[in-house]
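*Asks:* Please see the structure below; I have some questions.
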Amino acid sequence: MSINEKFTAIRKGLLEFLVLKIISADKVYAADILTQLGSTEFATQEGTLYPLLSKMRREELVDYEWKESEAGPPRKYYQLTAKGREQLRDTADYWRKISGTVKSLGQDIGP
Amino acid sequence: MNKVITINLNGNAYQLEEDGYEALRAYLEAAARGLAGNPDRDEIIADIEQAIADKFRAVLGANKTVVVSKEVKDVISQMGPVQDDSGPAAGAAGQGAPGGGPAASPGAPAGAPKRLYRIREGAQLAGVCNGLAAYFGIDVTLIRILFAVCVLSFGAGVLLYIVMMFVIPAANTPEEMAAAQGIPATAEDFIKRAREGYYGGMKAFGDRRAFKEWKRQFKRDMRRNAQQWRQDWHQRWAPGAPPHPGAWAFGSFVGIILAALSLLCVFSVISLIVTGGVLGFFPPFGMPLWLAVILVIIFFKLVKWPFRVARYGAYYGDHCCPGGPFSWFWHTFSWLILVLFLIWFANHHSVMAHDVLHRVSHEAHRAVDAVRDWWDQQ
């Protein structure tokens, strides 16, 4: 089993965190999220992202507004809600704790 | 030369080659299936269609108006399988919620053929009423009362029943049982779904990672389908939980009554053939012997009917019949009321019936006296 496969579940779990983080920086289209993720280990396809965004909207973490585009019909333009920002803060805190734990346990493994 | 099909993707018209169209249709169908139970299903599908439309627009140009099959397949593999294992719906569908999946939803979904069969399980005579009740989705007691009314009107009900008994096939195999009640959870349906899923996956063959992901997903789906299928199956056809001890005793008691009635029936038929009469009652002059024998048998069947229902109910609970744990009680009760009403009706409106009843009660008294005498001698 390759490292890539071993971390499938972890990547999946972190995806929501990263999407929150991307949207928090600027209002984005779904396509922008895919582009930003595309160059990383978290490269994602529409088939996964769209159900996730819809779930996050149901949980009131994100919201969208329709925005006209140069070509084609209007697009959804995503932004964080207050609840989404709060969750991002909490997740980021938790993430710092986890990475601190990884660093502090056992032998120091790197620079 | 390839056929071209024009499609509408979220309000955008595109021309696709036929193979590409088939692939896209399978993909979108799989997506809709994967999102079954998701409250935002339609919205997500619209988003996905829009994304596909955008990707198609990218491959088209001023001199290129048709999306060829290979391009469609590339776009589909870029999109990736639609996965909805994030919401609460997906969690519930996986475990212990047979009502969650689209296959198990009540009320005959499309593609589940419903046919008229006789259902012998829980039947009183040949299962005609049972089958009719399942077919029309109404309580079997109502059908039986309707039949009884038909019997009253010149015996039309008897004729109708006998004709239906021979014309309507009995449901013997599980598939026929399912068709009689309109449940689609058959092996055929299972295989159909499996095949659809398989071909859906073949389209992602180009991308090895996508293919692996799909394979895992496919296996998991199939396992879940099989599990659900088995569960539905058990729920429907396995005998229910072991009956309550009281119910068991009651059932046995009713069983003894039934056995006594059966003996009495045999005795009556023999008596009818040998002496030409039963308990002092002789068929009207001119009635052929065979008809009298059939009438006697039908009479005993009718008398045994409520006891059989009661016994069945006691053994199987409400496993057989919808309407709560005491439906068998209601069935028996309503039937007894009907029989009593018929006797009362006959007693008041027919001199012959009145005489017969009078004689029967007289004979019953004599029989009881005889038993008492025999007991006293012991």
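Going down the list, the protein sequences come from chains A and B.
The numbering used here puts the first residue of the first sequence at 33, with every later residue one more than the last.
The numbering used here puts the first residue of the second sequence at 2, with every later residue one more than the last.
For each residue, glycine too, the CB sits at the ideal point set by N, CA and C.
Nothing here was measured: the structure is a model prediction, and the numbers come from that model.
How about ASN3 of chain B: is its C-beta nearer than 8 angstroms to some C-beta of chain A?
*Replies:* In the second sequence, residue 3 of chain B corresponds to position 2, counting from 1. Taking Cβ atoms only, chain A never reaches closer than 8 angstroms to ASN3 of chain B, which makes this a no.
*Asks:* What whole-angstrom Cβ distance do ALA75 of chain A and LEU84 of chain A have, given they're in contact under 8 angstroms?
*Replies:* Reading the first sequence from its first residue, position 43 is the one you call residue 75 of chain A. Reading the first sequence from its first residue, position 52 is the one you call residue 84 of chain A. Rounded, the Cβ-Cβ distance is 14 angstroms, inconsistent with contact.
*Asks:* If we count the other Cβ atoms within 10 Å of its Cβ and call it buried at 16 or more, is ILE130 of chain A buried or exposed?
*Replies:* Your numbering for residue 130 of chain A matches position 98 in the first sequence. So ILE130 of chain A counts as exposed.
*Asks:* So for ILE6 of chain B, helix, strand or coil by DSSP?
*Replies:* The sequence position of residue 6 of chain B within the second sequence is 5, counting from 1. ILE6 of chain B: strand per DSSP, three-state reduction.
*Asks:* Within 10 Å of its beta-carbon, does ASN131 of chain B have 16 or more other beta-carbons around it, so buried, or fewer, so exposed?
*Replies:* Position 130 of the second sequence, counting from 1, holds the residue named residue 131 of chain B. It counts as buried.
*Asks:* Please report the straight-line C-alpha distance between PRO82 of chain B and ALA149 of chain B, rounded to a whole angstrom.
*Replies:* Reading the second sequence from its first residue, position 81 is the one you call residue 82 of chain B. Reading the second sequence from its first residue, position 148 is the one you call residue 149 of chain B. So the alpha carbons of these two residues sit roughly 58 angstroms apart.
*Asks:* At 4 residues or longer, what runs of the alpha helix (DSSP H) sit wholly inside the segment 46-95 of chain B?
*Replies:* Counting whole runs of 4 or more residues, the segment 46-95 of chain B contains the alpha helix (DSSP H) stretches 70-80, 89-95.
*Asks:* Please check the pair VAL134 of chain A and GLN111 of chain A, which I expect to be a contact at CB under 8 angstroms, by giving their CB distance rounded to whole angstroms.
*Replies:* Taking the first residue of the first sequence as 1, we reach residue 134 of chain A at position 102. Taking the first residue of the first sequence as 1, we reach residue 111 of chain A at position 79. Their Cβ separation, rounded to whole angstroms, is 32 angstroms, which puts VAL134 of chain A and GLN111 of chain A out of contact at 8 angstroms.
*Asks:* Given a cut-off of 8 angstroms on the beta-carbon distance, is the pair TYR96 of chain A and TYR82 of chain A in contact?
*Replies:* On the first sequence, position 64 is the one that residue 96 of chain A refers to. On the first sequence, position 50 is the one that residue 82 of chain A refers to. No, these two residues do not count as a Cβ contact at 8 angstroms.
*Asks:* What is the residue span of the beta strand (DSSP E) that ASN13 of chain B lies within?
*Replies:* Along the second sequence, read from residue 1 onward, the residue named residue 13 of chain B stands at position 12. Counting along the chain, the beta strand (DSSP E) containing ASN13 of chain B begins and ends at 13-18.
*Asks:* Given a limit of 7 angstroms on CB to CB distance, which residues of the segment 71-88 of chain A reach chain B?
*Replies:* Residues GLN77, GLU78, GLY79, THR80, TYR82, PRO83, LEU84, SER86, LYS87.
*Asks:* Taking only three categories from DSSP, how would you classify LYS59 of chain A?
*Replies:* Start at 1 with the first residue of the first sequence, and residue 59 of chain A comes out as number 27. Of the three classes helix, strand and coil, the one that applies to LYS59 of chain A here is coil, per DSSP.
*Asks:* Under a Cβ-count criterion, where at least 16 other Cβ atoms within 10 Å of its own Cβ denotes burial, should ASN64 of chain B be classed as buried or exposed?
*Replies:* Translated into the one-based positions of the second sequence, residue 64 of chain B becomes position 63. When all chains shown are included, ASN64 of chain B counts as exposed.
*Asks:* When Cβ atoms are compared, which residues of the segment 33-46 of chain A fall closer than 7 angstroms to chain B?
*Replies:* Cβ contacts with chain B: none found.
*Asks:* At least one CB of chain A closer than 8 angstroms to the CB of GLY81 of chain B: is that the case?
*Replies:* Position 80 of the second sequence holds residue 81 of chain B. Taking Cβ atoms only, chain A reaches closer than 8 angstroms to GLY81 of chain B, which makes this a yes.
*Asks:* Among residues of its own chain, excluding the 5 on either side of GLN378 of chain B, which ones have a beta-carbon nearer than 8 angstroms to its beta-carbon?
*Replies:* Stepping through the second sequence from its first residue, residue 378 of chain B is reached at position 377. So the list is empty, once near-sequence residues are dropped.
*Asks:* ALA54 of chain B: buried (16+ other C-beta within 10 angstroms of its C-beta) or exposed?
*Replies:* Here residue 54 of chain B refers to the residue found at position 53 of the second sequence. Result: buried.
*Asks:* At the 8 angstroms Cβ level, is LEU25 of chain B part of the contact set with chain A, yes or no?
*Replies:* Within the second sequence, residue 25 of chain B is the residue found at index 24, counting from 1. Taking Cβ atoms only, chain A never reaches closer than 8 angstroms to LEU25 of chain B, which makes this a no.
*Asks:* Within the same chain, show all residues whose beta-carbon is closer than 7 angstroms to that of VAL304 of chain B, passing over the 5 residues directly before and after it, in chain order.
*Replies:* Start at 1 with the first residue of the second sequence, and residue 304 of chain B comes out as number 303. Here the set comprises LEU262.
*Asks:* Taking C-beta pairs closer than 7 angstroms, name the residues in chain A that GLN84 of chain B reaches, listed in chain order.
*Replies:* Residue 84 of chain B sits at position 83 when you count from the first residue of the second sequence. By Cβ distance, chain A contributes GLY79, THR80, PRO83.
*Asks:* Exposed or buried, LEU133 of chain B, counting other C-beta atoms within 10 Å across all chains shown (16 or more means buried)?
*Replies:* Taking the first residue of the second sequence as position 1, residue 133 of chain B is located at position 132. By the 10 Å Cβ count, LEU133 of chain B comes out buried.
*Asks:* Check this for me: beta carbons of VAL380 of chain B and VAL297 of chain B, under 8 angstroms apart or not?
*Replies:* Because chain B is modelled from 2 through 379, residue 380 of chain B falls outside the range shown and cannot be assessed.
*Asks:* Using a Cβ-Cβ cutoff of 8 angstroms, what residues of the segment 19-43 of chain B are near chain A? List them in chain order.
*Replies:* Within the segment 19-43 of chain B, the qualifying residues are ALA32, LEU36, ASN39, PRO40, ASP41.
*Asks:* Measure from the C-beta of GLY12 of chain B to each C-beta in chain A and report whether the shortest distance is under 8 angstroms.
*Replies:* Translated into positions along the second sequence, residue 12 of chain B becomes position 11. Taking Cβ atoms only, chain A reaches closer than 8 angstroms to GLY12 of chain B, which makes this a yes.
*Asks:* Using a threshold of 8 angstroms, state whether the C-beta atoms of ILE6 of chain B and GLU19 of chain B are closer than that.
*Replies:* Stepping through the second sequence from its first residue, residue 6 of chain B is reached at position 5. Stepping through the second sequence from its first residue, residue 19 of chain B is reached at position 18. Yes.
*Asks:* Give the DSSP-derived three-state secondary structure of LEU339 of chain B in the structure shown.
*Replies:* Along the second sequence, read from residue 1 onward, the residue named residue 339 of chain B stands at position 338. Looking at LEU339 of chain B - three-state DSSP - the assignment turns out to be helix.
*Asks:* Would you kindly work out how many angstroms separate the C-alpha atoms of ASP122 of chain A and LYS4 of chain B, rounded to a whole number?
*Replies:* Taking the first sequence and counting its residues from 1, one reaches residue 122 of chain A at position 90. Taking the second sequence and counting its residues from 1, one reaches residue 4 of chain B at position 3. Cα to Cα, the separation comes out at about 55 angstroms.
*Asks:* For a test of the three-state rule: what should DSSP assign to GLN111 of chain A, helix, strand or coil?
*Replies:* If you number the first sequence from 1, residue 111 of chain A lands on position 79. In the structure shown, GLN111 of chain A sits in a strand (DSSP, three-state: E or B).
*Asks:* Could you check which residue in B:VAL267, B:GLU30, B:GLN51, B:ARG42 has the C-alpha nearest to that of GLY12 of chain B?
*Replies:* The sequence position of residue 12 of chain B within the second sequence is 11, counting from 1. Considering only alpha carbons, the answer is B:GLN51.
*Asks:* Quick one: what does DSSP say ASP95 of chain A is sitting in, helix, strand or coil?
*Replies:* Numbered from 1 along the first sequence, position 63 holds the residue referred to as residue 95 of chain A. DSSP places ASP95 of chain A in strand when its eight states are reduced to three.
*Asks:* Please confirm whether VAL267 of chain B and VAL294 of chain B have their CB atoms less than 8 angstroms apart.
*Replies:* By one-based count along the second sequence, residue 267 of chain B stands at place 266. By one-based count along the second sequence, residue 294 of chain B stands at place 293. Contact: no.
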